[in-house]
Amino acid sequence: MSQAKVPVWVNLALIPLLNISLAFLISGLVIYAIGQDPFEAAGYMLYGAFGYNEGIGYTLYYATNFIFTGLAVSVAFKAGLFNIGGEGQAYIGGLGVGLVCLALDHTMPFYVIAPLAIIGAAVFGAAWAYIPAYLQAKRGSHIVITTIMFNFIASSLMVYLMVNWLKSPDSLSLNSRTFEENAWMPYLHSLLMPLGIDIGDSPLNGAFIWALLCCVGVWLLIWHTRWGYQLRTLGTNPTAAKYAGIDTSKVTIWVMMISGALAGFVGLNEIMGVNHSLLLNFAAGYGFAGIAVALMGRNHPFGILLAAILFGALYQGGAEVAFDMPEITPDIVVVIQGLVILFSGALEHMFKDRIEGFFIRRATAAQGK
Amino acid sequence: MTNTTTPYAIELRDISKRFGAVQANKDICLQVPKGTIHGIIGENGAGKSTLMSIIYGFYEADSGHIEVDGEIVNIRNSQEAIKAGIGMVHQHFMLVENFTVLENVILGAEGGAVLRKGIHDARTELTRLAKEYSLDIDVDMVVEDLPVGLQQRVEILKALYRGARILILDEPTGVLTPQEADHLFRILYSLKEQGVTVLLITHKLREILASTDNVSVMRQGEMVAHRETAQTNKEELAELMVGKKVRLTVNKGDATPGDTLLSAKNVSQFDAQGVKRLKNVSLELRSGEILGIAGVSGNGQSELLNVLSGITEMSEGEIHFAGATINANSPKNASQMRDMKMAHVPEDRHKMGLVTGFEAYEAAVLGYHNSDVYNGKVFMHRKVMVDECKDRMAAWDVRPPNPHLKTANFSGGNQQKIVIAREVEQNPDVLLIGQPTRGVDIGAIENIHEQIVSLRDTGKAILLVSVELDEIMALSDRILVMFDGAVVGELDAKDANERVLGLMMANAYSDDEQGESA
Amino acid sequence: MYDTLIQMLDATMRVSTPLILAALAGLYSERAGIVDISLEGKILGSAFAAAAASAVFGSAWVGLIFGIMASVMLALIHGFACITHRGDHIVSGVAINTIVAGMTVTLGLHWFNLGGQTPALTGNERFLDITLPFAHAMQNVPVIGQIYTHLLSGHNILVYLAFFMVPVTYWVIYKTRFGLRLRAVGENPQAVDTAGISVTWIRYRAVIVCGILCGVAGAYLSTAHNAGFLKDMSAGKGYMALAALIFGKWRPVPVMFACLLFGFLDAVAVRLQGFVIPGLGEVPVQAIESLPYVLTVLLLAGFIGKAIGPKAVGRPYVKERA
Amino acid sequence: DDKPAVVYDQAGKFDKSFNEGVYNGVKKYTADTGQKIREFEPKNEAQVEQGLRRLAKRGYSPIVAVGYSMSAATEKVAKDFPNIHFSIIDSVIDLPNVQSIVFKEQEGSFLVGALAAMKTKTNTVGFIGAMDVPLIRKFSCGYKQGVKYIAPNDKVIVNMVGSTGAAFTDPTKGSELAKSQFSQGVDVVFAAAGGTGIGIYQAAADAGKYAIGVDSNQNYLHPGVMLTSMVKRVDQAAYNTYKTAAEGTWKPGLITLGLADNGVSWALDKYNEKQVTPEMVAKMKTIRADIISGKIQVHDYSKNGSCND
Ligand SMILES: Nc1ncnc2c1ncn2[C@@H]1O[C@H](COP(=O)(O)OP(=O)(O)OP(=O)(O)O)[C@@H](O)[C@H]1O
Ligand SMILES: Nc1ncnc2c1ncn2[C@@H]1O[C@H](COP(=O)(O)OP(=O)(O)OP(=O)(O)O)[C@@H](O)[C@H]1O
Ligand SMILES: [Mg+2]
Ligand SMILES: [Mg+2]
């Protein structure tokens, strides 16, 4: 019996690294092609992302969003569902947060608002994922398509609400009124300052801690609970799931709702943490980036954490580069992101099969002796 | 057979093929004289389909070469195989279901970039072929509306339309009643008259002996023997196939049936397309007996198992089990049935019984994953599961006994052992068991058969579904025969023999008097 | 009243054109079993390439060619990932959309230094409206004169091409060998393979055709409907085309009508912006804007008919497991 | 040392209009003084505040915020950085470290409205605004008033492009709206919609109608089609901000620029001189004088939130 095994580190480290390097290589070429010095750019990126406390703060602040959307995508992936609606769910989740803050910031203290805001984000995000999930589970409509459609519906809905209901009369731009301070997610720098720790002030806020908790939570859920067992079964072999008496449509629905809730938490970071008011497009791009993060992170919470920090660094570093090398706009980061999705997602087999094949052959050869 | 005067219709030299870890074919050599029907037999997973698919250019061999009429031909894809005059009827039909027969036949041989003319010509040609080989069929029917028997004809027509001189049939009778099969063989004979060479794959010895000129035997991916059919017999072939003497009977005492544990009354089930898959099936299952369900695969056995085990909901009728009455309005799902101490070994372990991506210990709790044994309030007790799995692997001689090995990396037989162990160890009152020994080696077969019998003797009620008549007759105390979703006959195992069952399975038992038989 | 209607329909034709082209593109791709959400990216990429080339070479036709080349190149990447490397179609699509979104702006900024835009196109750098013969003569003929002169006449060549492609596609899909194989490969690739036809080659041809049509759609946006490229100018048209494809149940003529419907809604929405119905108050334009997506969801949910796509769509064709 | 900076709005500094106006001022200042100016173009609402913050944190001052859409963000950031100087255009923020620069758009709009009325043959003129906000109303009201001043019975058709910032960057919609206005008889259209204008002028060019540009002098875009442009000297405004800051004479508070101080005007140059007859020119001169002298009272929408007093 050949049990040709591929060393773990190949899948967990080698292949992701290969993919990311390729993405960097190509985007480096692009930068070179537009007459800029890739290494200089890389330098600014690194410095901007990790060079000084404040930069690190920004990196982690962006990472927070990526953790949420990355987890959202991967939870669904694990159950064999492709949730490409993170964009909309994050958007609506933010709406939930905003409404809670707007409703309570005059009357309630932070420690009441915070949990309610978290619930608000979860409920709204989950609700926005529920409909596609329900339609997939009960009426077999393709969830990828429906979630895409829901992204668009979400943005129309938000515009409508902002324009007609939530826009504050005394602001010319499309913002709601600014929340009272007791509805603000505390900044980490202000939390750490008393402890004499100075991390330079950045938008990094409490939402980041919540994100870390979510990582742990998702990990436990998927690998250490019967619910995780069920969703993994559904994800890898739906027929076996039916055989095992798993109510597949029920699982589909709650998995998607968890996924939507996770995406919704982006609102905590953006609305409650940074903007302190409802506005448009605050979730722009994070939903799709979540796909890249999930792929990069191999659908494992820990991997996602790393991938999220990587992308956070790209965003922060990218903005930095754009600042100091105006020729290079943050759009180059979007390119990198796309390349990552291409190599570690769409083209995963290109290297995976070859590399694994190589190790299997080595293993079988070894057994031959 | 050293017939060197005329070149062989087809000759294989040292063909090898491996799929990942599986060596599906190993140094295969084969010589088929022109105008003969050549049988190839072997157990499931022996590598028959793979070999044929290589001849037909569907797979590329890793090494070795093929000669047609003495000429080395280089077959890299089906196109080249067709050019070389090879046609194939696949084990799983290769038809575009929402196309008409005509469209299916011309696909790949359209004759012209615009269809109009090609279609017209094909129509005339097909009517000719249909006459010549009595393969009559309405060429404008949409394939998915045709019964399997006719779908197979479409496959044959496809091959002939492309002027095949060598015709490969991969387990053509698996989906046919013995009577339909006989018609097929008559077609094959007339093809033979026309000088067509036929390669016939099956693991039904009866058919081999009845219809072939020569036979080759495969085992574990290797070609282990060639015989002239006239010079051999069932026992020899069976032995060659499995590599050691077969015990076609299991030694078991008479059954002592107790009271009824499970009973179904007029159970019917419609599928998504609204087709009635189960038709008013009624049965009683008593403790201490093995009830065998015989039938050509695809006549409702799977649906019956699924309905009884709660995987699919019934549409009409009711089931009485463990004091509960189950019907369309008050259904119970698979896990509820398990809680009522019904266990189920599914027909297809890969599709249903296992999650091949899971580690063995995880797969070993599939369906029982909610039980308090494995669960705390929130988290699962990993250690408990692993230890239990270790013990069972030891008890059931699963190799390798490694709870952390991916299920996919166990061999078919060992996978089956994991499934059966899981279900039996729950000590159920009723055990539904489908194709218990499919793709399992002979050693394991005996082991499994004995387990089933001993389970019966401890007063369990066992419902056995199998397409292997031998297995049915060897194990069952009582036999129900299913045809087209309905139970068409019941008989005591003692009065059962292949011919009677065969006719019942064809729902043609009444024709018996006309002496219709294989 | 009648005038405004004509006027709306006229706008509808202009707005629907890129949808029709893209949706037909998607039809070839998905009928062959390749899900394509990178319609969006292809349109955007081609819009940029077309505008850029046309600005540089001073000819819309050259622009069109470059647009098509860019789009086909993206299509080939999609094919390479989905066909050759059995990659996930959706993931590949997302990747392409993302890459293009970033790349167009980056290159545009570098080449033209206009904040990611291309220079405004004038004269031959654009496809100009053409007046059909007798348009003026017909003007005063009641009813049909209106329709002929103001609705049918006076569009640019690409608009007519788009509508012409509908019957062409119908013919190709249902009446030709290529079409037969295309449909077969989207239903049951194994059957095609065993019939001695290369699944890979058919699918590649399908995605190439898809690329060409998206290329035209993109060129239309930047060199016909507008006069130059703006970042993200595809603005979700690719996704809406996808919706139309599903709404038309993967069949050419219904797909065209779906596109016309969506285009009409768009034309209406534009004109109703800020429009106040006495008593009812302002029209919620956003509701109209999102109607196409809502309708598609309802269809998918089986509340209005049932959409059943090609059987093998989205599934990579794998001969050998393990 | 002073580190001047500017944050454009989402239309970007090449919108051929409002932002580009500021950009021209920035270019000129750099050309004249050699002082580089840090520019930032946010990609979406959320990035506006980040951009401002980053600049402020790095000690850039003065920071020019281009457009009312930034008022909320600017106000927040200005609060957090009391010793950084901000200048916001088109919006009023009452903070000790903020300079608010607003224009009398109504006056300029009145002028071009009058010209439109003189030019139209169909007695129907159009106005396309980005979105229904007070600022744009100032344009439309002034424009209407100007038209009526010349031809009380002429029809003015008004459309808005959208309801979000995107309305300033959507040429496709712009051209669709223009086309629909033309089909309703409009032959002169005034676009107060930033980058969206490009589409509107293109439509006018394709349909052989006249268009009136906004903010920057856009006459050069389509010679023969552009009747004139309602120029808003944002370039001036930006330039002066930097200049005064450099000289240390920068002051917070409200600055209002109208016809009198050449803050707004109508553009006449080689690109549109053929479209404007001497008589028209003369007439425009007198009207301009009358407005400055107060003989003509141009109503300001922002006074009472309505087009007429
Ligand atoms: N496409 C494939 N990819 C990987 N492994 C395969 C593939 N097809 C067959 N195999 C493996 O090759 C071996 C031989 O399979 P094959 O189908 O040839 O057996 P067979 O004799 O036709 O069995 P059966 O009688 O059930 O049809 C089996 O172990 C099977 O799992
Ligand atoms: N999908 C797979 N991935 C990895 N290894 C596999 C796979 N399928 C089979 N194998 C390996 O190939 C070996 C042969 O598999 P196969 O099922 O053909 O065994 P077998 O000869 O049928 O044995 P048994 O008689 O027990 O079924 C197995 O031991 C298993 O380790
Ligand atoms: Mg086989
Ligand atoms: Mg017209």
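Protein sequence lines correspond, in order, to chains P, V, A and C.
Position 213 of the first sequence, counting from 1, maps to 213 under the numbering used here, and the rest follow consecutively.
Position 290 of the second sequence, counting from 1, maps to 659 under the numbering used here, and the rest follow consecutively.
Position 221 of the third sequence, counting from 1, maps to 1108 under the numbering used here, and the rest follow consecutively.
Position 263 of the fourth sequence, counting from 1, maps to 1472 under the numbering used here, and the rest follow consecutively.
Where a beta carbon is used, it is the ideal one built from N, C-alpha and C, also for glycine.
Since we're looking at a predicted model, the values are computed, not measured.
Assuming contact is defined by CB atoms lying nearer than 9 Å, are residue i and residue j in contact in what I supplied?
{"i": "G55/P", "j": "Q337/P", "result": "no"}
{"i": "A129/P", "j": "S21/P", "result": "no"}
{"i": "R825/V", "j": "E658/V", "result": "yes"}
{"i": "I406/V", "j": "Y530/V", "result": "no"}
{"i": "I802/V", "j": "V834/V", "result": "yes"}
{"i": "L1436/C", "j": "L1320/C", "result": "no"}
{"i": "A79/P", "j": "V255/P", "result": "yes"}
{"i": "S176/P", "j": "S168/P", "result": "yes"}
Strictly below 8 Å CB to CB, what residues from chain A border residue i?
{"i": "K1222/C", "result": "G1002"}
Expressed to the nearest angstrom, what Euclidean distance is found between the alpha-carbon atoms of residue i and residue j?
{"i": "R768/V", "j": "K710/V", "result": "28 Å"}
{"i": "V1055/A", "j": "A988/A", "result": "31 Å"}
{"i": "N19/P", "j": "D1016/A", "result": "47 Å"}
{"i": "D383/V", "j": "L961/A", "result": "44 Å"}
{"i": "L926/A", "j": "F124/P", "result": "30 Å"}
{"i": "Y134/P", "j": "S249/P", "result": "8 Å"}
{"i": "V753/V", "j": "G245/P", "result": "22 Å"}
{"i": "M1052/A", "j": "L908/A", "result": "8 Å"}
{"i": "F690/V", "j": "I848/V", "result": "21 Å"}
{"i": "Y1451/C", "j": "K1245/C", "result": "11 Å"}
{"i": "G622/V", "j": "I821/V", "result": "13 Å"}
{"i": "K1382/C", "j": "E1012/A", "result": "21 Å"}
{"i": "Y743/V", "j": "V6/P", "result": "30 Å"}
Residues of chain P with CB closer than 9 Å to the CB of residue i, please, in chain order.
{"i": "P770/V", "result": "Residues of chain P passing the Cβ test: none, with the nearest at roughly 12 Å."}
For residue i, go through chain P and note every residue whose CB falls closer than 7 Å to its CB, in chain order.
{"i": "K720/V", "result": "T239"}
Run through chain A and tell me which residues come within less than 9 Å of residue i, C-beta to C-beta.
{"i": "A482/V", "result": "T1063, R1064 and F1065"}
{"i": "S1389/C", "result": "T891, Q894, M895, A898, A1154, V1157 and R1158"}
{"i": "Q520/V", "result": "By Cβ distance, chain A contributes nothing, its closest Cβ being about 12 Å from Q520/V, past 9 Å."}
Interface residues of chain A around residue i at Cβ under 7 Å?
{"i": "E472/V", "result": "L1067"}
{"i": "A41/P", "result": "Neighbours of A41/P on chain A: none; closest Cβ ~12 Å, over 7 Å."}
If you compare alpha carbons, which of the options is closest to residue i?
{"i": "F388/V", "options": "D431/V, V483/V, I424/V and P402/V", "result": "D431/V"}
{"i": "L984/A", "options": "I341/P, A41/P, A366/P and G357/P", "result": "Contrary to the premise, residue 984/A reads as Asn rather than Leu in this sequence. When only C-alpha atoms are compared, the closest one is I341/P."}
{"i": "G1125/A", "options": "F152/P, R354/P, N237/P and L339/P", "result": "F152/P"}
{"i": "G98/P", "options": "I148/P, G267/P and A261/P", "result": "G267/P"}
Using a cut-off of 8 Å between C-beta atoms, extract the partners of residue i located in chain V.
{"i": "K1206/A", "result": "F427 and Y428"}
{"i": "D247/P", "result": "N702"}
Run through chain C and tell me which residues come within less than 7 Å of residue i, C-beta to C-beta.
{"i": "L1148/A", "result": "Within chain C, no residue comes near L1148/A; the closest Cβ sits about 17 Å away, beyond 7 Å."}
Who are residue i's beta bridge partners in DSSP?
{"i": "Y915/A", "result": "Bridge partners of Y915/A: none, in fact."}
{"i": "V1356/C", "result": "DSSP lists no partner for V1356/C."}
{"i": "W1475/C", "result": "M1439/C"}
Cβ closer than 9 Å: which chain C residues qualify as neighbours of residue i?
{"i": "N1113/A", "result": "P1380, T1381, S1384, I1407, G1408 and Q1411"}
Please compile the residues from chain V whose C-beta is within a distance smaller than 9 Å of the C-beta of residue i.
{"i": "Y243/P", "result": "N675, S678, I680, A703, H713, P715, K720, M721, G722, L735 and G736"}
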